[in-house]
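A.B. asks: One structure, as structure tokens, below. Some questions next.
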Amino acid sequence: MFPHRPSLLAPLVVLSLGAAMTANAATRVERKPFGKTPAGESVELFTFTRAGAPTVAITNLGGHIVSILAPDRAGRAVDVTLGYRDFAGYLGDTSYFGSIVGRYANRIAKGRFTLDGKTYSLATNNGPNSLHGGPTGFQKRVWTPKVVSGKDGDALELTYVSKDGEEGYPGTLTAKVVYSLREDGGLAIDYSATTDAPTVVNLTNHAYFNLAGEGEGTILGHEMQIEADAYTPVDATLIPTGERRPVEGTPLDFRKPVAIGARIDAADEQLKAGGGYDHNYVLRGTMGELRLAARVVEPKSGRVLEMLTTEPGVQFYSGNFLDGKVVGKSGKPYGRRSAFCLEAQHFPDSPNQPGFPPVVLRPGQTYRQTTVYRCTVAP
Ligand code: GLA
Numbered sequence: 004m005f006p007h008r009p010s011l012l013a014p015l016v017v018l019s020l021g022a023a024m025t026a027n028a029a030t031r032v033e034r035k036p037f038g039k040t041p042a043g044e045s046v047e048l049f050t051f052t053r054a055g056a057p058t059v060a061i062t063n064l065g066g067h068i069v070s071i072l073a074p075d076r077a078g079r080a081v082d083v084t085l086g087y088r089d090f091a092g093y094l095g096d097t098s099y100f101g102s103i104v105g106r107y108a109n110r111i112a113k114g115r116f117t118l119d120g121k122t123y124s125l126a127t128n129n130g131p132n133s134l135h136g137g138p139t140g141f142q143k144r145v146w147t148p149k150v151v152s153g154k155d156g157d158a159l160e161l162t163y164v165s166k167d168g169e170e171g172y173p174g175t176l177t178a179k180v181v182y183s184l185r186e187d188g189g190l191a192i193d194y195s196a197t198t199d200a201p202t203v204v205n206l207t208n209h210a211y212f213n214l215a216g217e218g219e220g221t222i223l224g225h226e227m228q229i230e231a232d233a234y235t236p237v238d239a240t241l242i243p244t245g246e247r248r249p250v251e252g253t254p255l256d257f258r259k260p261v262a263i264g265a266r267i268d269a270a271d272e273q274l275k276a277g278g279g280y281d282h283n284y285v286l287r288g289t290m291g292e293l294r295l296a297a298r299v300v301e302p303k304s305g306r307v308l309e310m311l312t313t314e315p316g317v318q319f320y321s322g323n324f325l326d327g328k329v330v331g332k333s334g335k336p337y338g339r340r341s342a343f344c345l346e347a348q349h350f351p352d353s354p355n356q357p358g359f360p361p362v363v364l365r366p367g368q369t370y371r372q373t374t375v376y377r378c379t380v381a382p
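Each residue of the sequence shown is one higher than the one before, counting from 4 in my numbering.
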């Protein structure tokens, strides 16, 4: 009856919606109690919301990413990261589900290294080696939380002071990790650290992803692409030999997208050592510059994960040690290869490998790394 009316009104509606969206576009972080540690420390859960971005929850216990709700092609959001059903699960974590890892992510051979002529012995927890900072690494610590305001709106700044001698590492290290949700929907993790005596540092996040949803079977059908022409081969205890070996002609070649499961059980001495993929890739491009490291597509849902980092390497781990004993958030057991990790890092065992990019931090210097996990959908 009034055919002209809608066309007159429409621009007004669009304009006012546009204004509202700009006003609300920035990230908001809400906090609530999550639990208490046996030592009586209060731990909180921080929920990040932003229009057009996945909703993300993070706790200050070990900085674990607790959930990431990412939509599929049809807009149906599911939780794409592994985690526990409750706070007690996080207290007992042995899998590093979404946690910060430090002081040194990945392995240090025999838990020993020499710095400025002095040899340090670390707590060992992985056969003869020290893994992920030792048994009581950064994933077990209660970090001091602060909701700060940045260019993306609210962000969560976590601080932890690791004492001189903790887990065998020299120097008091002050570590800061800032989680923010960017305009493009990416979850950015900005790490920095300073020390009062020479030490070694390698920080990462150990999020496990299943883009079909946590607990929804294996990730063998996910297509993986890694921006790397070489990797660092390992011995039977997963310590690098020091070599950088081309991926070409091996089942470790992910320069073009390939299903994770396509070659995972190939007769290959490297895959045997890891029980699947558990290898450090030497990323293309310039260390220190944020660039694409990996892209993963889950063909059925169309969910895509892109990972960007400033680090020289990434550990691609295909969840080989998951064995179904942990029952996850929605009550489903996490079986072998039911998730993958992309851990941005300096190369494993760098303190003992003079040919690898250096990991020594000295007083007056600042360690920095940035990694972004971005969930999108394929067309
Ligand atoms: C890293 C290691 C793996 C394993 C997992 C945690 O990815 O390289 O070998 O320890 O962490 O289980």
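Note that CB positions come from ideal geometry on N, CA and C, so glycine has one too. Predicted model only: the values in this text are computed from it and were never measured.
I'd like to know if R144 contacts chain D, where contact means its C-beta is closer than 8 Å to some C-beta of that chain.
C.D. replies: The structure shown contains no chain D; it holds only a single protein chain.
A.B. asks: Please report how far the alpha carbon of M310 lies from the alpha carbon of T84, in whole angstroms.
C.D. replies: Roughly 14 Å separates the two Cα atoms.
A.B. asks: Looking at the ligand GLA, does it come within less than 7 Å of Y284, judged from the CB to the closest heavy atom?
C.D. replies: No; taking the cut-off as 7 Å, the Cβ of Y284 has no heavy atom of the ligand GLA nearer than that.
A.B. asks: Around the C-beta of A342, are 16 or more other C-beta atoms found within 10 angstroms, so that it is buried, or is it exposed?
C.D. replies: The residue is buried, with at least 16 neighbouring Cβ atoms inside 10 Å.
A.B. asks: Any heavy atom of the ligand GLA closer than 7 Å to the CB of C344?
C.D. replies: It does: the Cβ of C344 is within 7 Å (strictly closer) of some heavy atom of the ligand GLA.
A.B. asks: Going by CA-CA distance only, name the one from R88, R76 and I68 that's closest to V104.
C.D. replies: The option with the nearest alpha carbon to V104 is I68.
A.B. asks: Let me know if A215 comes out buried or exposed under the rule of 16 or more other beta-carbons within 10 Å of its beta-carbon.
C.D. replies: Buried.
A.B. asks: For the region 220-238 and the region 84-99, state whether three or more C-beta atom pairs, one from each stretch, are separated by less than 8 Å.
C.D. replies: No: fewer than three Cβ pairs fall under 8 Å.
A.B. asks: Tell me the start and end of each unbroken beta strand (DSSP E) in the region 177-226 that is at least 3 residues and wholly inside, in chain order.
C.D. replies: The qualifying runs are 190-198.
A.B. asks: With H, G and I counted as helix, E and B as strand and the rest as coil, what does DSSP make of Y234?
C.D. replies: Reduced to three states, the DSSP call for Y234 is strand.
A.B. asks: Shortest alpha-carbon distance to D352 belongs to which of G43, A231 and E246?
C.D. replies: Among G43, A231 and E246, the Cα nearest to that of D352 belongs to E246.
A.B. asks: Considering only residues of the same chain and omitting the five flanking positions on each side of R115, which have a CB-CB separation below 8 Å?
C.D. replies: Counting only Cβ-Cβ distances below 8 Å, and skipping sequence neighbours, we find T122, Y123, S124, L125 and N355.
A.B. asks: Can you tell which of V307, A347, E292 and L48 has its C-alpha closest to the C-alpha of D281?
C.D. replies: Looking at the Cα atoms, A347 is the closest of the given residues.
A.B. asks: On a Cα-Cα basis, can you pick out the residue from K259, Q318, T177 and L223 that is closest to K303?
C.D. replies: Closest option to K303, Cα to Cα, is L223.
A.B. asks: At a cut-off of 7 Å, is N109 close to the ligand GLA when judged by its beta-carbon and the heavy atoms of the ligand?
C.D. replies: Checking every heavy atom of the ligand GLA against the Cβ of N109, one is found closer than 7 Å.
A.B. asks: Which of the three DSSP states is assigned to T369 in this structure?
C.D. replies: DSSP places T369 in coil when its eight states are reduced to three.
A.B. asks: When you compare the region 362-382 with the region 249-267, are there three or more beta-carbon pairs, one atom per stretch, that lie closer than 8 Å?
C.D. replies: The answer is no - the region 249-267 does not touch the region 362-382, with fewer than three Cβ pairs under 8 Å.
A.B. asks: Which same chain residues end up closer than 7 Å to D167 when comparing Cβ atoms and leaving out the 5 residues on each side of it in sequence?
C.D. replies: Answer for D167: P173, G174, T175 and A200, listed in chain order.
A.B. asks: Give me the residue from G137, E33, F90 and A60 with the minimum Cα distance to A112.
C.D. replies: Answer by Cα proximity: G137.
A.B. asks: Assuming L190 contacts V59 (C-beta within less than 8 Å), just tell me the rounded distance between them.
C.D. replies: About 6 Å separates the two Cβ atoms, so the contact holds.
A.B. asks: Which residue from A42, G66, L325 and L72 puts its Cα closest to that of G55?
C.D. replies: Selected option, being the one with the closest Cα: L72.
A.B. asks: Decide yes or no for the touch test of the region 144-159 against the region 41-53: beta carbon pairs closer than 8 Å, at least 3 of them.
C.D. replies: Cβ pair count under 8 Å is three or more, so yes.
A.B. asks: Which full runs of the alpha helix (DSSP H) of 4+ residues lie inside the region 247-292, going along the chain?
C.D. replies: Taking only runs of at least 4 residues, the alpha helix (DSSP H) segments lying wholly in the region 247-292 are 272-277.
A.B. asks: Going by other Cβ atoms of all chains shown within 10 Å of its Cβ, with 16 needed for buried, is V300 buried or exposed?
C.D. replies: V300 is buried by the Cβ-count criterion.
A.B. asks: Does the Cβ of F212 lie closer than 7 Å to at least one heavy atom of the ligand GLA?
C.D. replies: Flag unset: Cβ of F212 not near the ligand GLA.
A.B. asks: Specify the secondary structure class of E346 as computed by DSSP and reduced to three states.
C.D. replies: Residue state, collapsed to three classes: strand.
A.B. asks: With DSSP as the reference, identify every bridge partner of T62, one or two as the case may be.
C.D. replies: BP columns for T62 point to L48.
A.B. asks: If I'm right that P249 touches A270 with Cβ under 8 Å, what's the distance once you round it to whole angstroms?
C.D. replies: Their Cβ separation, rounded to whole angstroms, is 19 Å, which puts P249 and A270 out of contact at 8 Å.
A.B. asks: Quick one: residues in its chain with C-beta nearer than 6 Å to the C-beta of E44, no 5 flanking neighbours on either side, listed in chain order?
C.D. replies: Excluding positions up to five away in sequence, the list reads V145.
A.B. asks: Among A239, P36, A265 and R287, whose alpha-carbon lies nearest the alpha-carbon of K275?
C.D. replies: The shortest C-alpha separation from K275 is found at A239.
A.B. asks: Determine the closest residue to G338 out of R294, Y211, E292 and V317, with distance taken between C-alpha atoms.
C.D. replies: The shortest Cα separation from G338 among R294, Y211, E292 and V317 belongs to Y211.
A.B. asks: Going by DSSP in three states, P331 sits in which element: helix, strand or coil?
C.D. replies: The sequence given here places Gly at residue 331; Pro does not occur at that position. Three-state DSSP puts G331 in coil, outside helix and strand.
A.B. asks: Below 8 Å between beta carbons: does that hold for T207 and E170?
C.D. replies: The answer is no: Cβ separation not under 8 Å.
A.B. asks: What span of residues does the beta strand (DSSP E) with G156 cover, start to end?
C.D. replies: Looking at the DSSP string, the run of the beta strand (DSSP E) that includes G156 is G156 to S165.
A.B. asks: Taking A178 as the reference, which of A91, R185, I192 and D187 has the closest Cα?
C.D. replies: Checked all of A91, R185, I192 and D187; the closest Cα to A178 is I192.
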